[in-house]
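Only one structure is covered here, and it is reproduced in the block below.
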Amino acid sequence: MAATPTIGKATTEVVAPAGAGDRTATLRTWSLGLWSVFAILFLFLPIGVAIVFSFNEPAGRFNFTWQQFTFDHWLHPFADPDLARSLKNSVLLAVISTVGSVALGTLLAIALVRHRFRGRGTADFFVFLPMATPEVVLGASALGLFLVAGISTGFLTLVIVHIMFTISYVVVTVKARLQGMDPHIEEAARDLGASEWQAFWRVTMPTIAPGVVSAAVLAAALSVDDYVVSSFNAGQTQTFPLFIFGATRQGVPPEVNVLATMLLLFILAMLGLNLGVQKALARRDERRAAH
Amino acid sequence: MRLKNRSRLIPWYFAAPGLLWLLVFFLVPLLNQLNVSLLTGDPEAGYELTWAFSNYTDAISEYWPQIRRSLGYAGVATVIDVIIAFPLAYFIAYRAGRWKGLLLLMIVLPFFMSQVLRTVSWQLLLTDNGWIVSRLKDVGLVADDGRVLATSGAVIGGIAYNYLPFMVLPLYASLERLDRRLIEAATDLYASRAVAFRKITVPLATPGLFAGSLLVFIPATGDFINASLLGSTKQYMVGNVIQSNFLTVLDYPTAAALSFLLIGIILVGITIYSALLGTKNLTEAAG
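In structure tokens:
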């Protein structure tokens, strides 16, 4: 969501008349708040359940009823070699495809925001299309192409499709950052004799770095969690979501809950780190501007 | 002259790699699918292009229940999400104060835990004789021998759950940028709070409402994780049919035809949207 400048500061609270109106206003705020609490509980319920059941020692194959508290699965999260391999594949896939889509997407975003060229509007719309296409169609049509081209599906095809479906999100994220940036700084660099590449690496990149990092976190999160597109193009390669889906029939082992919780904590840590770095950078810019 | 040509090419150096990737691995596959959807034949003998538009009519008549279900489930889930999200977005935009950032983070947080595992959690929560189902039986909402899993309700609920954040965020964005002084003006001019809400808040929140609806409805029509894990074959949607035709039955033309029907439905949605609100709002909402 791109931030839009607001004209003046709108009052956030309409002043209600005193007396009876006061009470209904309070009532309204309270019922809205209560509704919101329930909505957020609804969002968190399955996550809470997944975390709680990572400490369960299931009686049978299905980890569906609470039996006994245990730390075992947290101490040996990689007990199942297939599960360990699927997670390793997912992490490797996320890293490689994130590097690819961030590189391609960032350049594309720069072209779309910074340059006026023929076909720019079409390119803009074209980049938006994959986000408007259902995942099942993205996955199925990519597999169709691989079948026709005689490329057997596996890790390589997963990398290709993961880059494909994350590029648009990278472009959107980096574009938002670029739009808030003054183009004259790059022009000044070029006027002072910097080449296009020098201006790019020395001026544009450092300024849009926070946007690029956000885009990378987003792309990695999308990649690591993808089931639908991967289910078509994985061949014999197992990824973490594919393993979980496959395991639903015989019962999902509690180690899955442990690893998914760890992944959640890891992504949260990355988000926190990103936020911290962005704040530090903003402060640095402020200090520089003050001088 | 040469220099001018060179600088005209520069945007393409930046844009070309990404655009080429999307061209080769997104657009070409789609066009290939269009071609596949017009083939006839079978997996053993091979397929040939016969411009078999009957693939489309056959797919519609054979899989009409799944198509209708996809649209129905996605539609109901979208309405449920509007009902849940509007008060929530309103609260975050106007009443949350310094908790605003934290609440927004809590809305997107579920995205960062495996979607498949969250759906498995719903399986656990809604399991027969589980706590929730027993309570629903106590109050008579579920028959004594009834179940929640493997019903339309479970699948619709799962879809509504999965895409709820997509509704909250655009709604919040359009409520946030709404100039509240307009409401003040309306109440000053003797409009009641209800009238001010109906005539100002709702119309100005409409872009967010439309964007949210598209962001929920589009992926929901193609969803098959919820139908697979929370439903039975009686709840299967178009996505399930495309997947099984592509991976198990190997009936590629039917799967391709269904894919394009799905895209057609979405294009109709987007066209209506841009006709009403313009494409600028659309790409903005997606961002």
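Top line first, the protein sequences correspond to chains R and V. Start counting the first sequence at 1; every next residue gets the next number (our numbering). Start counting the second sequence at 1001; every next residue gets the next number (our numbering). Where is the CB? At the ideal position from N, CA and C, for every residue including glycine.
Legend entry - Unbroken stretches of the alpha helix (DSSP H), 4 residues or longer, contained in the region 1088 to 1135 of chain V: 1100 to 1108 and 1115 to 1125
Legend entry - Proximity test, Cβ basis, 8 Å: Val213(R) and chain V: Looking up residue 213(R) in the first sequence gives position 213. No, no contact with chain V.
Legend entry - Tyr1056(V), enclosing alpha helix (DSSP H) - first and last residue: Taking the first residue of the second sequence as 1, we reach residue 1056(V) at position 56. Run containing Tyr1056(V): Ser1054 to Glu1062, per the alpha helix (DSSP H) assignment.
Legend entry - Whole alpha helix (DSSP H) elements within the region 1167 to 1193 of chain V, 4-residue minimum: 1181 to 1188
Legend entry - Under the three-state DSSP convention, the category Tyr1161(V) falls into: Residue 1161(V) sits at position 161 when you count from the first residue of the second sequence. Three-state DSSP puts Tyr1161(V) in a helix.
Inset, instruction - Starting from the beta carbon of Gly1146(V), find every residue of chain R whose beta carbon is closer than 9 Å, and list them in chain order. - result: On the second sequence, residue 1146(V) is found 146 positions in, with the first residue counted as 1. The contacting residues do not exist; Gly1146(V) stays about 19 Å from chain R at best.
Inset, instruction - Using a Cβ cut-off of 8 Å, pull out every chain R residue sitting near Asn1055(V), in sequence order please. - result: To locate residue 1055(V), count along the second sequence from 1; it is residue 55. Per Cβ cutoff of 8 Å: no residues; Asn1055(V) is ~14 Å from chain R at best.
Inset, instruction - Step through the CB atoms of chain V and report whether any lies within less than 8 Å of the CB of Pro206(R). - result: Position 206 of the first sequence, counting from 1, holds the residue named residue 206(R). No, its Cβ sits nowhere closer than 8 Å to a Cβ of chain V.
Legend entry - Three-state secondary structure (DSSP) of Phe251(R): Here residue 251(R) is taken as the residue at index 251 of the first sequence, counted from 1. The residue you asked about is not Phe; residue 251(R) is Gly in the sequence shown. Of the three classes helix, strand and coil, the one that applies to Gly251(R) here is coil, per DSSP.
Inset, instruction - Using DSSP bridges, identify the partner residues of Phe69(R). - result: Position 69 of the first sequence, counted from the start, is the residue given in the question as residue 69(R). Partner(s): Asn56(R).
Legend entry - Cβ pair Val1120(V), Val252(R) closer than 8 Å: As a position in the second sequence, residue 1120(V) is number 120, starting the count at 1. As a position in the first sequence, residue 252(R) is number 252, starting the count at 1. In contact: Val1120(V) and Val252(R) (Cβ atoms closer than 8 Å).
Legend entry - Thr29(R): contacting residues in chain V (beta-carbon distance under 7 Å): Working through the first sequence from its first residue, we reach residue 29(R) at position 29. Residues of chain V passing the Cβ test: Arg1095.
Inset, instruction - Check whether the region 181 to 194 of chain R touches the region 124 to 132 of chain R, counting contact only when three or more Cβ pairs, one atom from each stretch, lie closer than 8 Å. - result: no
Legend entry - Near-chain V residues of the region 130 to 150 of chain R - C-beta to any C-beta below 9 Å: Pro130, Met131, Ala132, Thr133, Pro134, Glu135, Val136, Val137, Leu138, Gly139, Ala140, Ser141, Ala142, Leu143, Gly144, Leu145, Phe146, Leu147 and Val148
Legend entry - Residue burial classification, Leu1149(V) (beta-carbon count within 10 angstroms, cutoff 16): Stepping through the second sequence from its first residue, residue 1149(V) is reached at position 149. With 16 or more Cβ atoms within 10 Å of its Cβ, Leu1149(V) is classed as buried.
Legend entry - Beta-carbon proximity of Val1155(V) to Ile244(R), cut-off 8 Å: Start at 1 with the first residue of the second sequence, and residue 1155(V) comes out as number 155. Start at 1 with the first residue of the first sequence, and residue 244(R) comes out as number 244. Pairing Val1155(V) with Ile244(R) gives a Cβ-Cβ distance that is not under 8 Å.
Legend entry - C-alpha gap between Phe219(R) and Ser31(R), whole angstroms: Translated into the one-based positions of the first sequence, residue 219(R) becomes position 219. Translated into the one-based positions of the first sequence, residue 31(R) becomes position 31. A quick correction: the sequence has Ala, not Phe, at residue 219(R). Approximately 37 Å, taken between the alpha carbons.
Inset, instruction - Confirm the yes/no value for this check: CB of Gly1208(V), any heavy atom of the ligand MN, distance under 7 Å. - result: The ligand MN is not part of the structure shown, which contains no ligands of any sort.
Inset, instruction - Check the Cβ of Thr1254(V) against every Cβ in chain R and list those closer than 7 Å, keeping chain order. - result: Here residue 1254(V) corresponds to residue number 254 of the second sequence, with the count starting at 1. Those within 7 Å of Thr1254(V) in chain R number zero; the least Cβ separation is about 11 Å.
Inset, instruction - Kindly indicate which residue of Ala1052(V), Ser1061(V) and Tyr1090(V) has the alpha-carbon position closest to the one of Trp35(R). - result: By 1-based counting over the first sequence, the position of residue 35(R) is 35. Nearest of Ala1052(V), Ser1061(V) and Tyr1090(V) to Trp35(R), Cα basis: Tyr1090(V).
Inset, instruction - Give the straight-line distance between the Cα atoms of Trp201(R) and Leu1038(V), rounded to the nearest whole angstrom. - result: On the first sequence, residue 201(R) is found 201 positions in, with the first residue counted as 1. On the second sequence, residue 1038(V) is found 38 positions in, with the first residue counted as 1. Roughly 48 Å between the two C-alpha positions.
Legend entry - Contacts that Asp225(R) makes with chain B (C-beta to C-beta distance below 9 Å): Looking for chain B here will not work: the only protein chains present are R and V.
Inset, instruction - Answer yes if the region 159 to 167 of chain R comes into contact with the region 1265 to 1277 of chain V, meaning at least three C-beta pairs across the two stretches below 8 Å, and no otherwise. - result: Taking a cut-off of 8 Å for Cβ pairs, the region 1265 to 1277 of chain V and the region 159 to 167 of chain R do not touch, as fewer than three such pairs fall below it.
Legend entry - Closest by C-alpha distance to Glu1048(V), when choosing among Val1238(V), Ala1185(V) and Tyr1252(V): In the second sequence, the residue the question calls residue 1048(V) occupies position 48. The residue with the shortest Cα to Cα distance from Glu1048(V) is Tyr1252(V).
Legend entry - Contacting residues, own chain, Cβ-Cβ under 7 Å from Phe1166(V) (five flanking each side not counted): Locating residue 1166(V) in the second sequence gives position 166, where the first residue counts as 1. Contacts found: Gly1212, Leu1215 and Val1216.
Legend entry - Local conformation of Tyr1047(V) per DSSP, three classes: Within the second sequence, numbered from 1, the residue matching residue 1047(V) stands at position 47. Tyr1047(V) falls in the strand class under three-state DSSP.
Inset, instruction - Could you work out which residue in Gln1123(V), Ala1257(V), Leu1020(V) and Trp1099(V) is closest to Val37(R) when comparing CA atoms only? - result: By one-based count along the first sequence, residue 37(R) stands at place 37. Checked all of Gln1123(V), Ala1257(V), Leu1020(V) and Trp1099(V); the closest Cα to Val37(R) is Trp1099(V).
Legend entry - Straight-line Cα distance separating Ala1173(V) from Ala289(R): Taking the first residue of the first sequence as position 1, residue 289(R) is located at position 289. Taking the first residue of the second sequence as position 1, residue 1173(V) is located at position 173. If you take the alpha carbons of Ala289(R) and Ala1173(V), they lie about 30 Å apart.
Inset, instruction - Look at the Cβ atom of Ser1232(V), then the Cβ atom of Ser141(R), and state whether they are nearer than 8 Å. - result: The sequence position of residue 1232(V) within the second sequence is 232, counting from 1. The sequence position of residue 141(R) within the first sequence is 141, counting from 1. Not closer than 8 Å, so no.
Inset, instruction - Compute the Euclidean distance between the alpha carbons of Thr26(R) and Gly1097(V), then round it to the nearest angstrom. - result: Counted from its first residue, the first sequence places residue 26(R) at position 26. Counted from its first residue, the second sequence places residue 1097(V) at position 97. Approximately 15 Å, taken between the alpha carbons.
Legend entry - Cα-Cα separation, Thr248(R) to Leu1034(V): On the first sequence, residue 248(R) is found 248 positions in, with the first residue counted as 1. On the second sequence, residue 1034(V) is found 34 positions in, with the first residue counted as 1. Taking the straight line from one Cα to the other gives about 34 Å.
Legend entry - Cross-chain neighbours of Leu107(R) in chain V, by beta carbon under 9 Å: Along the first sequence, one-based indexing puts residue 107(R) at 107. The answer, in chain order, is Tyr1013, Phe1014, Ala1015, Ala1016, Pro1017 and Gly1018.
Inset, instruction - May I ask you to report which of helix, strand or coil DSSP gives Leu87(R)? - result: Within the first sequence, the letter at position 87 stands for residue 87(R). Three-state DSSP puts Leu87(R) in a helix.
Legend entry - Proximal residues, the region 1026 to 1038 of chain V versus chain R, C-beta separation under 8 Å: Phe1026, Leu1027, Val1028, Pro1029, Leu1030, Asn1032, Gln1033 and Val1036
Legend entry - Proximity below 8 Å, CB of Pro241(R) to CB of Ser223(R): One-based indexing of the first sequence puts residue 241(R) at position 241. One-based indexing of the first sequence puts residue 223(R) at position 223. No, the pair does not count as a contact, with Cβ atoms beyond the cut-off.
Inset, instruction - Below 7 Å between beta carbons is the criterion; list the residues of the region 1220 to 1243 of chain V that meet it against any residue of chain R, in chain order. - result: Thr1221, Gly1222, Phe1224, Ile1225, Leu1229, Gly1239, Ile1242 and Gln1243
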